[in-house]
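Since the structure comes first, as structure tokens, the remarks are kept for the end.
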Amino acid sequence: MVLISAGLRRSVLPRLQPGTYAVHSRVYCSKWLVSHIQEASLNVLSGLYATVYAPLWYRLLGAKVGRDAEISTAQGVIPDMLTLGDETFIADAVMLGDEQVDGGWMRIQPTVVSHRSFVGNGSYIPDGTTLPENVLIGVHSRAPANAEIVSGDTWLGSPPINLPAREQVSGYPEHLTFRPSPWRRLARGMIEGLRIVLPHATVIAVGYTVMMDLMPVAQAQRWGAVFGYLALIGLAYSLGNYLLVAALKWLAVGRYRQRSEAMWTPFVWLSEGITSLYEGMAAPNFMSYLRGTPWLPLAFRGLGCKIGRGVYMDTTDITEFDCVSIGDHSELNAGACPQTHLFEDRVMKIDQVLIGAQVYMGPRSSVLYSAKVGDGARLGPLTLVMKGECIPASTSWVGCPAAPARG
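Every letter in the sequence shown is one number past the one before it in numbering that gives the first Met the number 0, and letter 385, counting from 1, is 384.
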């Protein structure tokens, strides 16, 4: 997939140039095809993202990527328009430099993220944005206009506000954060290679075995047995994905607790490996089918979550499972996220998220680590509860960052 996508991109499609183009033009069609290659890669090559191999993949597509950049599941990327400086960090689900279409015209402009800048989960970086060095764009935040940003800024929210100060982690040597040794690079690459290969190897092995078993039955035209066998195998494969990830989680990581670990350490590689396998195997093949049913909380309990009675969950967006506590009869709507870690300053900081009883979390709302949501509280859609905050019981909050709801 990597070689075919990169080869198609370089041999068939022209290199895109900044400008404004009609939506019925050849340039728009080229950009459309590049976008679909990217989207297909998110499904087929999901294990490649957030690894040491992701920068190579982006370079093959045509992006300019500096040394030791970290790239997770960015969306809307136009490779020809993207420049990532040395030691930059692009977190999960970032909308990075997507084109603007208005009045039948598509506008594409260069997007630049400079040296050691950090772009948080679910944030939006408009095309044409240039982030100076050491800038932090917070979770679910929109980058401000270029004229408003200076080096070292921290911006949070939508519309964004400039935070005059933020908690920064210090005391970790550079060889564990930005300048790892060759041995650490090799060790991380080996672990991440296994995490990339395992989901696809499982699919191939199971598919081959099933087809070998089914061929004689199909040749005998026993179609009832064929469909029954496929149904049982589908159920076994789905449940097997969950049990495999659960077993690996307990064996490799054990129980998650509050801790901080530099990025270039074995715990982080193993933890991120379990997260990748969960998101690539257990979540799409098992957990997603249980959304909105009483079975999903039960499955999360098997991974370590503490979930009370009668909880409604329409989300599988949980990572450090043991750090999540949800009280009785709470409701987590589609895409709601108890986010138990952040990677600011290239240090993985993990802590608990405590959600009380009868809490309502709206679609795509998030609660960052070290935060507590009191009983009966309501969080509106796209609401972000900051780390360390305490939401009082029986109150309503909206916005990014969360603020008391009017009325």
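By construction, the Cβ of each residue, glycine as well, lies at the ideal position given by its N, Cα and C atoms.
Just so it is clear, the structure is predicted and the values come from calculations on it, not from any experiment.
According to the neighbour-count rule (16 or more other Cβ atoms, all chains shown, within 10 Å of its Cβ), is residue i buried or exposed?
i    : result
Y255 : buried
S10  : exposed
D212 : exposed
Y288 : exposed
E271 : buried
L367 : buried
Y207 : exposed
G406 : exposed
M210 : exposed
E173 : exposed
F413 : With the chain covering only 0 through 406, there is no way to say anything about residue 413.
P143 : buried
Q99  : exposed
V149 : exposed
G6   : exposed
R66  : exposed
W182 : exposed
W154 : buried
V196 : exposed
Check whether the Cβ of residue i sits closer than 8 Å to any heavy atom of the ligand MG, and report yes or no.
i    : result
V134 : Absent from the structure shown: the ligand MG. Ligands present: none.
Spatial neighbours of residue i within its chain, please: CB distance less than 6 Å, with the 5 preceding and 5 following residues excluded, ordered by chain position.
i    : result
S324 : K305 and L353
R290 : D313
Q435 : Limits of the chain in this structure are 0 at one end and 406 at the other, which puts residue 435 out of reach.
C336 : D316 and S365
N284 : S237 and N240
V310 : P296, I325 and S329
Answer yes or no: do residue i and residue j have a C-beta to C-beta separation smaller than 9 Å?
i    : j    : result
Q167 : E388 : no
M312 : L331 : yes
A376 : P391 : yes
N240 : A200 : no
I107 : P17  : yes
P248 : L302 : The sequence shown places Lys at residue 248, not Pro. Contact: yes.
V397 : G373 : no
V118 : T129 : no
List the endpoints of the continuous alpha helix (DSSP H) containing residue i.
i    : result
I190 : P181 to Q218
G223 : W222 to A251
S393 : It is not in any alpha helix (DSSP H) - S393 carries neither H nor E in the DSSP assignment.
S4   : V1 to V11
Sorted by chain position, which residues of the same chain lie with C-beta nearer than 7 Å to residue i's C-beta, five sequence neighbours on each side aside?
i    : result
R115 : E86, T87, E132 and N133
V64  : P54, Y57, R58 and L83
T72  : L41, Y48, D91 and A92
Q37  : V76
T274 : T318
What residue range is occupied by the uninterrupted beta strand (DSSP E) comprising residue i?
i    : result
R411 : In this structure the chain extends from 0 to 406, so residue 411 is not present and cannot be described.
E173 : First-last for E173: undefined, no H or E at that position.
C336 : C336 to Q338
I148 : First-last for I148: undefined, no H or E at that position.
R258 : R258 to A261
Y20  : G18 to A21
G99  : The sequence shown places Gln at residue 99, not Gly. Looking at the DSSP string, the run of the beta strand (DSSP E) that includes Q99 is Q99 to D101.
Could you name the residues of the same chain whose beta carbon sits closer than 8 Å to that of residue i, not counting the 5 residues immediately before and after it, in chain order?
i    : result
G307 : I325, G326, D327, H328, S329 and A356
V43  : M0
So, is the C-beta of residue i closer than 9 Å to a C-beta in chain B?
i    : result
M286 : No chain B appears in this structure, which consists of one protein chain only.
May I ask you to verify whether the stretch 251–265 touches the stretch 217–230, counting CB pairs closer than 8 Å and requiring at least 3?
no
Any contact between the stretch 123–130 and the stretch 88–98? By contact I mean 3 or more CB pairs, one from each, below 8 Å.
yes
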